Structure formats: C-alpha cells, structure tokens
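Each residue of the sequence shown is one higher than the last, beginning at 2 in the working numbering.
Let me begin by presenting the structure, written as structure tokens, before commenting on it.
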Amino acid sequence: MNQNPLLTLDALAPCGVVLPTEARAALDTSLTLKARELGVQAFLLWGKFTTSSGRDYYVARAYNGTKRVDGKVIVNPGNKFYYSVDCAEWLDLEPVDGKLGELCGLIDGKRWLTGDPAHEYTVMEQPPTPDPDPVPDGDEPPPPPAAPDPIEHKLTELQRMAAMINRINAETACAPDGMYVTDAAGNYVAKPGFFVRYPDQLSSYVAPTGNLGKAAPGTWGLVWDSFKRVATLRSFAYPGFFAYYSANTNTIGNLYFGNGLRNEEVGFV
2 MNQNPLLTLD
12 ALAPCGVVLP
22 TEARAALDTS
32 LTLKARELGV
42 QAFLLWGKFT
52 TSSGRDYYVA
62 RAYNGTKRVD
72 GKVIVNPGNK
82 FYYSVDCAEW
92 LDLEPVDGKL
102 GELCGLIDGK
112 RWLTGDPAHE
122 YTVMEQPPTP
132 DPDPVPDGDE
142 PPPPPAAPDP
152 IEHKLTELQR
162 MAAMINRINA
172 ETACAPDGMY
182 VTDAAGNYVA
192 KPGFFVRYPD
202 QLSSYVAPTG
212 NLGKAAPGTW
222 GLVWDSFKRV
232 ATLRSFAYPG
242 FFAYYSANTN
252 TIGNLYFGNG
262 LRNEEVGFV
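Written out as structure tokens, the structure is:
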C-alpha cells in the first residue's frame with residue numbers, strides 16, 4: 002500500500018500530472034540512489050512547483066517512518082524534503098516552522114516562485130504596540146504609546162518553498178480513513194488486509210483537517226472510474242494536488258503540481 006512514485010505518475014497522468022521524458026528517466030534512478038545514500042526507507046517524489054521563469058522545482062521527501070505519540074503522528078529522524086531542477090541532483094531543503102513559517106506567510110500570496118534559489122523576499126513585520134503604563138488613581142492618563150516601527154526581514158526562496166510545502170501538506174495529505182494504525186512498537190503503519198469499502202465516496206478519506214466528507218463544499222472533488230476501480234481526488238484549495246486510490250491493487254499515491262499558492266476563493270466557487 003506504500004506509494005510508488007512512478008505508479009503514482011501513471012495513475013495521475015490523466016489529471017495532467019506528467020513529467021518530461023528526460024525528467025522521468027532521471028527519477029527512475031535518482032530516487033533509489035538518494036534513498037540508499039541517506040539510509041532511509043524511501044525517497045519519494047512529492048511534486049513540482051511551477052515558477053514565473055519556467056525553471057521549475059521538483060520536490061522529493063526522504064521517508065523514514067512515523068510514530069503515533071499521545072494521539073499525534075510524529076516523524077522519525079531522517080524525514081526531510083529535498084529539491085531539484087533536473088530530477089537527478091537533489092539538494093537539502095531546510096525545514097521551516099514557527100516564527101519563520103509565519104514570516105513566509107507575509108509574502109504576497111499572489112507572487113509565484115521565481116525559479117532562482119538565491120532570490121530574496123522582503124517582508125515587513127509590525128510588532129505589537131506595547132501596553133500603556135498603569136495610571137494611579139486620580140492622575141490623567143498619558144497619551145497612548147506610539148506604534149513601534151515595522152521590522153524588516155529578508156527571506157529566501159527556499160525558505161518560502163519549504164513553508165509552502167508545510168501549508169499544502171497541512172490541508173491536503175489525505176489517505177483512506179482507517180488505513181494506518183499504530184503497531185506494538187508505536188510505528189504508524191499501513192493496516193494489514195485493509196481495503197476501502199466505499200472508495201467512490203469522499204467520506205471514505207481523511208486529511209489533517211478531518212474527514213473529506215465533512216469538508217466545506219467545493220473544497221474537494223472525487224471522480225470514480227468504475228471500470229478501472231480507481232478513485233481520483235483533487236483539492237480545490239490547492240489546485241494541482243491530486244491523489245488516487247486503486248481498489249484493484251489497494252495502493253494509494255498523491256502528488257502536487259502547481260504554483261504553491263492557495264485558492265482563497267475556494268469557498269465562493
């Protein structure tokens with residue numbers, strides 16, 4: 002039931018998720034070699050970011066298993082993202098979270114990535130206005146304190162791309178409901194003998210945001226091919242994200258091929 006990058010590309014090709022011949026040929030070798038180099042369980046294609054220059058970024062992730070701790074899924078050491086411009090050489094994509102992730106969210110949400118890893122974005126952060134000092138009884142309150150000057154931050158394109166990956170995963174990383182369980186060692190693994198009873202229904206799938214059948218109308222779509230017995234899901238919040246489940250082979254996969262920007266009008270379409 003684990004994802005196979007090339008099988009996923011084949012399954013999602015009708016959705017427009019396709020790679021140039023030379024890129025696909027490079028993937029066939031580079032993913033295996035990189036997994037061996039890193040010593041991880043798998044090295045999987047995550048997707049592709051289209052850029053304003055046409056010099057697109059391919060993204061892959063090193064997968065080394067996950068655990069469920071106190072109800073939360075925790076990644077094991079070694080899980081990390083990488084990027085490439087040719088699907089042959091993969092470079093580290095340093096993780097972005099916390100404050101840095103919030104700052105990346107201040108970048109204009111309509112600006113595409115440039116295709117230049119060294120490109121820098123400037124964002125201005127407005128610090129909170131300090132609380133006024135307490136005023137003794139009977140005294141006249143002083144004028145409110147002046148708002149502090151904005152703080153300038155420089156962010157790299159790679160930091161922004163890592164933040165985009167986090168946001169996309171937080172809304173779209175979907176799988177059949179009940180497919181994964183916790184084993185005796187605490188590892189989060191595929192359930193043996195699992196199958197989807199109603200693969201043609203959104204309610205059979207879950208994402209970090211909850212059951213897809215309960216998502217806001219217009220957020221997700223599903224197409225069921227009764228001949229191939231394959232369900233294809235797509236996110237309208239992040240156009241370019243597609244996932245599939247094959248009832249014949251009991252396999253899943255997903256990829257994101259887009260500009261990284263969220264469709265903020267998804268609730269109105």
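The beta carbon of each residue, even a glycine, is placed where N, CA and C say it ideally should be.
In this text the structure is predicted, and so the values were computed from the model without any measurement.
Between Glu158 and Leu101, the C-beta spacing is not below 8 Å.
By the criterion of at least three beta-carbon pairs nearer than 8 Å, the stretch 229–244 is not in contact with the stretch 78–87.
Within the DSSP bridge table, the entry for Met165 names no partner. By the Cβ-count criterion, Phe195 is exposed, with fewer than 16 other Cβ atoms from all chains shown falling within 10 Å of its own Cβ. Residue range 152–157 is occupied by the beta strand (DSSP E) that includes Leu156.
For Val41, the closest C-alpha among the options Asn264, Gly187, Leu32, Arg56 is that of Leu32.
Per DSSP, the continuous alpha helix (DSSP H) segment holding Gly102 begins and ends at 99–105.
The shortest CA-to-CA distance from Thr30 to any of Gly110, Pro200, Leu46 is the one to Leu46. The criterion of a C-beta distance shorter than 8 Å is not satisfied by Val267 and Tyr245. Note on geometry: alpha-carbon atoms of Leu34 and Val70 lie some 31 Å from one another.
Lys68 carries a strand assignment under DSSP once its states are collapsed to helix, strand and coil.
As for any beta strand (DSSP E) of minimum length 3 sitting wholly inside the stretch 18–66, the runs are 43–50, 58–64, ordered along the chain.
Asn167 places its beta carbon less than 8 Å from that of Val97.
Here Glu103 is actually not in contact with Leu156; their C-beta atoms are around 11 Å apart, not less than 8 Å. In the assembly as shown, Asn255 is a buried residue. Its beta-carbon has 16 or more other beta-carbons within 10 Å.
Just so you know, the alpha carbons of Val224 and Asp201 end up roughly 7 Å apart. Sixteen is the threshold: since fewer than 16 other Cβ atoms of the shown chains lie within 10 Å of the Cβ of Pro131, the residue is exposed. Runs of beta strand (DSSP E) with 3 or more residues, each lying fully within the stretch 179–257, are found at 181–183, 189–191, 206–208, 221–226, 231–236, 242–247, listed in chain order. Where Asp11 is concerned, the enclosing alpha helix (DSSP H) starts and stops at 6–13.
Judged by their CB atoms, Val190 and Val197 are not nearer to each other than the 8 Å cut-off. DSSP places Ala171 within a helical segment (H, G or I) once states are collapsed to three. An exposed status is given to Val74, since fewer than 16 other beta-carbon atoms sit within 10 Å of its beta-carbon.
When beta bridges are read from the DSSP output, Pro177 appears opposite Tyr206.
Annotation: Met162 to Tyr199 spans about 36 Å, alpha carbon to alpha carbon.
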